[in-house]
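Encoded as structure tokens, the structure appears first; notes follow it.
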Amino acid sequence: MAERSFAKEVEKLRLGAGEEFAGEGILAITKALLQCGVGYVGGYQGAPISHLMDVLADAQDILGELGVHFEASASEATATAMLAASVHYPIRGAATFKSTVGTNVASDALANLASGGVTGGALIIVGEDYGEGSSIMQERSHAFAMKSQVWLLDPRPNLPSIVKAVEDGFELSEISNTPVMLQVRIRCCHVHGHFVAKDNKRPPMSVADALSAPRRDTGRIVLPPASFLHEKEKVAKRWPAAVDFIKSRKINEMFGPDHGSVGIVMQGGMYNSVIRALQRLGLADTYGDTDVPLYVLNAVYPLVDDEFLSFCEGKQAVLVVEEGQPNYIEQAFAAMLHKAGRGTRLVGKEHLPMAGEYTGQVMLDGLGSFLRANAPHLLPGEVRAPNKLGEGVDTADLINVVPGRPPGFCIGCPERPIFAATKLVEQELGKHHIASDIGCHLFSIMPPFELGATTMGYGLGPASASAFNSPDAKRRSISFVGDGGFWHNGLTSSIGNAVFNKNDGVIVIVDNFYSAATGGQDILSSRANNRTKSTKHPIDEAVKGMGVKWLRHIDRTYDVGKMRAALRDALTTEEKGPKVIVASSECMLNRQRREKPLVDKAIKGGERVVKPKFGVDEDICTGDHACMRLSGCPSLSVKSLDDPLRDDPVAAIDQNCVGCGNCGEVADAAVLCPSFYRADVVHNPGRWDRLLESARRAVIGLMQRRRESRRLVFADA
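Just so you know, we're using the UniProt record's numbering here: the sequence shown kicks off at 1 and counts up by one.
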């Protein structure tokens, strides 16, 4: 169950020629694929591209009507390998995934695909995840395009440009027999706008047609001597064809005056930020008309020498706006100017940061610095001074006032008790080397748990602990892998590797029923019924099939005592070989998405509904906050009492509580205190509920009156 349904929005995909399409960038990409006659699409979810997979999943009926095949691939490598259908057949295919983790995984398939080349158009839509909000290592897709000699498009962040880039990408791929990467940043994926739609097209050749008429060309298969010829073909044929197409179709754009003493060159994805900075500097208007010549690279690889040199004609200085490091584009342009003997001064990272996201303020400061140094006459007088642009703003005061907020698990997350149990076991048996993995469970490295030493890639948690499989070791390592990572890469690279090498460590597979970290998409072990996918394949069976002998399954992770006992057994057993614990409980976010609408409907319909709520007895809580150090739930907070004799704030549970019970379970398992209680809130109570409530109130009232009378007796004495 994905975190967002596009069931209503996908109906816009049926719009025909001349009709106006309005919506999000992700939806526009899907519409563009259908307008281009795509024959098949595959991909793997991951921000900022997850919603593209969700849109395609919700558009199954429309895809079926057009004869388009869609697969939610097992990994990015699988998705890229799908594009092999375009090697021999004139079928347009697309793959989509998050970068750069996706391009890392897909690089082998990508290299082979790029070597042999394609007949049909092959488009790889990469969600560029670079910047402050990213969840991955900070790298760029650009290096993969250069390494494998595939062309890279980076469109301006508006719907007409995005749609055009999809169309151009397919044609560029077919003309140059080369796969094309379409890089869409988070601003592209989620920008809203409109464009004039075209009719959807059925693919001229479907994958079913291809199966009926098999083709093969040994010249396209990556084996010597063909692989050497492929390299020559890239340079002698494919590259020139790509450059000619980019020039003839005017893929790159120029804005502003034809002449000027300075100019700005930018990646297409940076255009909106550049224009906004120029607006703030008084050099552009709301519609993008600017006083500074701009050269916008919607195709960032390959670059076109003629276009760039023509843009530099008569200019004293040109600024390259290239987000991230290394500065591949700036280096290439510098080489062009040097070879051509031009005197134009090329600058980039002198005025803009070497690394990091080019936010609005960063862009404003960088462009202001460049223009003050090279064309101060263009700037209005009031913004010529650095302090007028906000440069050098001291954020120390803000840092001191606003407390740090480390990322953590959601309220009611079933993974939190797993790490509470791990902390309790460590208190008993001592510290262990713990290897983490990509996924929600990686939040265990943050307070309050502070567990985990490394993370090496999706599904590679146990593999990253394999070096610690020493026969002289006195203590076992612990490693974690999520169910998404398990099916993506972990089954072979982690579990199979541990079995084959007789690894004696402990492996915990965190099973929350979905690929939760990427938005709650179904996977092989999901319990949900999925009309187009095969689910309900137990992780236990796959682990046994790989040869694991010591296996425990915890079917309710909130049972902290049971979880702790399983970990203790795994760490102390005399049995050799990998010890695997499958810890299962449904992702609370997905559970709430599914159950909340049903509960609200039942309450509105007058049905009796019982909702558990947890609280803390203020009279019993001592205020030592040990419960929080083993929980970290956002709904578990503190509050101060009016009692002057109690200085320390006590624990408190706010209204966001979802009733998972973890706080009470942790307090009980850790023998902390009995201050937690559960209260059942009954909506639409029946006659028996009301009668029982009256009886309880009467008994409680009687006991309170007796206690008060006894207190008065003692007071008089």
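A virtual CB, placed ideally from N, CA and C, is assigned to each residue, including glycine.
Best match in the options for proximity to residue i [C-alpha to C-alpha]
i, options, result
"Ile49", "Glu167, Pro179, Arg185 and Thr178", "Arg185"
"Ser635", "Arg280, Cys413, Ala695 and Asp624", "Cys413"
"Arg216", "Thr492, Val243, Thr119 and Gly260", "Thr119"
"Leu152", "Gln316, Asn272, Ile136 and Gly169", "Gly169"
"Tyr558", "Asp668, Pro597 and Ser526", "Asp668"
"Asn298", "Asp642, Leu278, Phe255 and Gly18", "Phe255"
"Gly131", "Ser99, Met146, Pro462 and Ser148", "Ser99"
"Arg690", "Gln279, Gln427, Leu712 and Arg608", "Arg608"
"Gly457", "Ser479, Glu450, Ala473 and Pro447", "Ser479"
"Lys8", "Tyr40, Val304, Val55 and Lys31", "Val55"
"Gln45", "Ser107, Arg14, Glu128 and Met354", "Glu128"
"Pro407", "His441, Asp437 and Glu428", "His441"
"Ile507", "Ala517, Ala516 and Phe486", "Phe486"
"Gly102", "Val296, Leu83, Ala79 and Pro403", "Ala79"
"Val304", "Gly439, Ile251, Ala317 and Met270", "Ile251"
"Phe614", "Ala602, Cys621, Gly664 and Asp647", "Gly664"
"Leu571", "Arg249, Arg280 and Glu426", "Glu426"
"Pro240", "Val150, Arg696, Ala47 and Asn104", "Val150"
Which of helix, strand or coil DSSP assigns to residue i
i, result
"Gly615", "strand"
"Tyr271", "helix"
"Gly392", "A caution first: Gly392 carries a pLDDT of 48, below 50, which makes its placement in the model too unreliable to give a value."
"Ile49", "coil"
"Thr344", "coil"
"Ile264", "strand"
"Gln521", "strand"
"Lys250", "coil"
"Phe714", "helix"
"Val235", "helix"
"Thr96", "strand"
"Arg527", "coil"
"Tyr328", "helix"
"Leu15", "coil"
"Ala122", "strand"
"Arg697", "helix"
Beta-carbon proximity of residue i to residue j, cut-off 8 Å
i, j, result
"Ala421", "Leu182", "no"
"residue 718", "Glu323", "The structure shown does not extend to residue 718, since the chain is modelled only from 1 through 717, so no value can be given for it."
"Ala652", "Val666", "no"
"Gly496", "Arg476", "no"
"Leu309", "Arg342", "yes"
"Pro417", "Met588", "no"
"Val265", "Lys315", "no"
"Leu378", "Val292", "yes"
"Gln35", "Lys201", "yes"
"Ala435", "Ser464", "yes"
"Asp522", "Asn512", "no"
"Ser526", "Pro538", "no"
"Val321", "Gln267", "yes"
"Ile29", "Leu52", "yes"
"Gly449", "Lys423", "What sits at residue 449 in the sequence shown is Phe, not Gly. Yes, the Cβ-Cβ distance between Phe449 and Lys423 is below 8 Å."
"Ser585", "Arg556", "yes"
"Pro155", "Ala165", "yes"
Paired residues, beta bridge with residue i - DSSP
i, result
"Arg552", "Ile581"
"His683", "Val609"
"Arg185", "Glu128"
"Phe195", "Phe21"
"Asp511", "Ser584"
"Ile478", "Ile434 and Val506"
"Ala284", "Thr290"
"Val401", "According to DSSP, Val401 bridges with nothing at all."
"Thr572", "The partner list for Thr572 (beta bridge, DSSP) is empty, contrary to what the question assumes."
"Tyr301", "Leu152"
"Leu636", "Ile653"
"Val296", "Glu253 and Met266"
"Gly43", "Ala72 and Thr96"
Chain E contact for residue i (CB, 8 Å cutoff)
i, result
"Val184", "Protein chain content of the structure displayed is limited to a single chain, and chain E is not contained in it."
Three or more C-beta pairs under 8 Å: does that hold for the region 186-195 against the region 19-29? Cβ pair count under 8 Å is three or more, so yes.
Are the region 55-73 and the region 102-118 in contact at 8 Å, needing three or more beta carbon pairs? no
Are the region 694-702 and the region 676-683 touching by the rule of at least three beta carbon pairs closer than 8 Å? no
Could you tell me whether the region 487-502 touches the region 569-581, using the rule of 3 or more Cβ pairs below 8 Å? Enough Cβ pairs lie closer than 8 Å, so yes.
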